[in-house]
Amino acid sequence: ELKVEQNPLFLSMQEGKNYTIYCNYSTTSDRLYWYRQDPGKSLESLFVLLSNGAVKQEGRLMASLDTKARLSTLHITAAVHDLSATYFCAVDMEGGATNKLIFGTGTLLAVQP
Amino acid sequence: GAVVSQHPSWVICKSGTSVKIECRSLDFQATTMFWYRQFPKQSLMLMATSNEGSKATYEQGVEKDKFLINHASLTLSTLTVTSAHPEDSSFYICSARSRYGGETQYFGPGTRLLVL
Chain A
473 ELKVEQNPLF LSMQEGKNYT IYCNYSTTSD RLYWYRQDPG KSLESLFVLL
523 SNGAVKQEGR LMASLDTKAR LSTLHITAAV HDLSATYFCA VDMEGGATNK
573 LIFGTGTLLA VQP
Chain B
4 GAVVSQHPSW VICKSGTSVK IECRSLDFQA TTMFWYRQFP KQSLMLMATS
54 NEGSKATYEQ GVEKDKFLIN HASLTLSTLT VTSAHPEDSS FYICSARSRY
104 GGETQYFGPG TRLLVL
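If you're matching them up, the sequences are chains A and B in order. Take the first sequence: its position 41, counted from the start at 1, is 513 in the numbering used here, and no numbers get skipped. Take the second sequence: its position 70, counted from the start at 1, is 73 in the numbering used here, and no numbers get skipped.
Here it is, written out as structure tokens:
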């Protein structure tokens, strides 16, 4: 059974600081997704990582994928309050064959002024 | 960009009644749609995969007779919660993948269900 774990579950950080969210998964997959969810809202797609070593950046967020280590990271640079949200990673359950996603536990990010 | 809508956005119903939730891809065709459930402060759990013109594939532990899924066209999938009970209260989110490929799933805005 595929398990996807995120660390930390909750992150409180000050504006201007840097931090990394980790996403570990338990089986082989070369497709990993990062989403953002604001309270009471649905999911916003942030990144799609499709191969080992993939790195994508958008604004203050950068995501990377190491399929050998079964690890993805979401790095936050110089955090601002607008980044406060819950972040989920999701892994394709069957390595891309079906696009069935298994979501991580989520990381609630609170950026303090 | 690709847009997925859900209707209704929220619904309150009495225990024992059935509720239908619609998921539409507005500007693209989706051969496959997915239904997720999210309880407060928890992650999304995949309930079923909905394929146009065929029966849905349910994940382990999801009752197919309770959660009826119909994918009648390339732009519409429906989830019917039959004989709803308070424990079915949740946030239901659908997503769709374009018929023409691409790696991104587009998520609907979600439907909040409260069963009294």
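Don't be surprised by glycine CBs; every beta carbon is placed ideally from N, CA and C. Quick caveat: nothing in here was measured; it's all calculated off a predicted structure.
Chain-order list of residues whose beta-carbon lies under 7 Å from that of residue 100(B) (same chain, five-residue window excluded): 33, 35, 108
contact_flag[the stretch 540 to 550 of chain A, the stretch 80 to 98 of chain B] where n(CB pairs < 8 Å) is 3 or more: no
Closer than 7 Å to chain B by CB, residue 520(A): yes
Selected residue, minimal CA-CA separation from residue 67(B), among 52(B), 42(B), 116(B): 52(B)
Stretch pair the stretch 481 to 499 of chain A + the stretch 9 to 16 of chain B: three plus CB contacts closer than 8 Å: no
Chain-order list of residues whose beta-carbon lies under 6 Å from that of residue 7(B) (same chain, five-residue window excluded): 28, 99, 109, 111
Inter-residue CB distance, residue 40(B) and residue 95(B) (contact presumed, cutoff 8 Å): 6 Å
Start and end residues, beta strand (DSSP E) containing residue 23(B): 22 to 28
DSSP three-state assignment for residue 90(B), whether helix, strand or coil: helix
Cβ neighbours of residue 524(A) in the same chain (closer than 7 Å, five flanking residues each side left out): 502, 537, 538, 539, 540
Minimum Cβ-Cβ distance from residue 40(B) to chain A less than 7 Å: no
Rounded separation between residue 24(B) and residue 488(A) - CA only: 42 Å
DSSP three-state assignment for residue 554(A), whether helix, strand or coil: helix
Within 7 Å, strictly: CB atoms of residue 42(B) and residue 93(B): yes
Proximal residues, the stretch 542 to 560 of chain A versus chain B, C-beta separation under 7 Å: 560
Beta strand (DSSP E) segment containing residue 515(A), residue limits: 515 to 521
Best match in 76(B), 72(B), 48(B) for proximity to residue 573(A) [C-alpha to C-alpha]: 48(B)
Chain A contacts made by the stretch 72 to 85 of chain B, where a contact means CB separation under 8 Å: none
7 Å Cβ cutoff, residue 571(A) in contact with chain B: yes
Chain-ordered neighbours of residue 108(B) on chain A, where CB pairs are closer than 8 Å: 505, 517, 571, 573
Under 7 Å between C-beta atoms of residue 534(A) and residue 474(A): no
Contact set for residue 584(A): own chain, Cβ-Cβ below 6 Å, skip 5 residues either direction: 486
Residue-chain proximity (residue 56(B), chain A), Cβ-Cβ < 7 Å: no
Exposure label - residue 91(B); buried when at least 16 CB within 10 Å: buried
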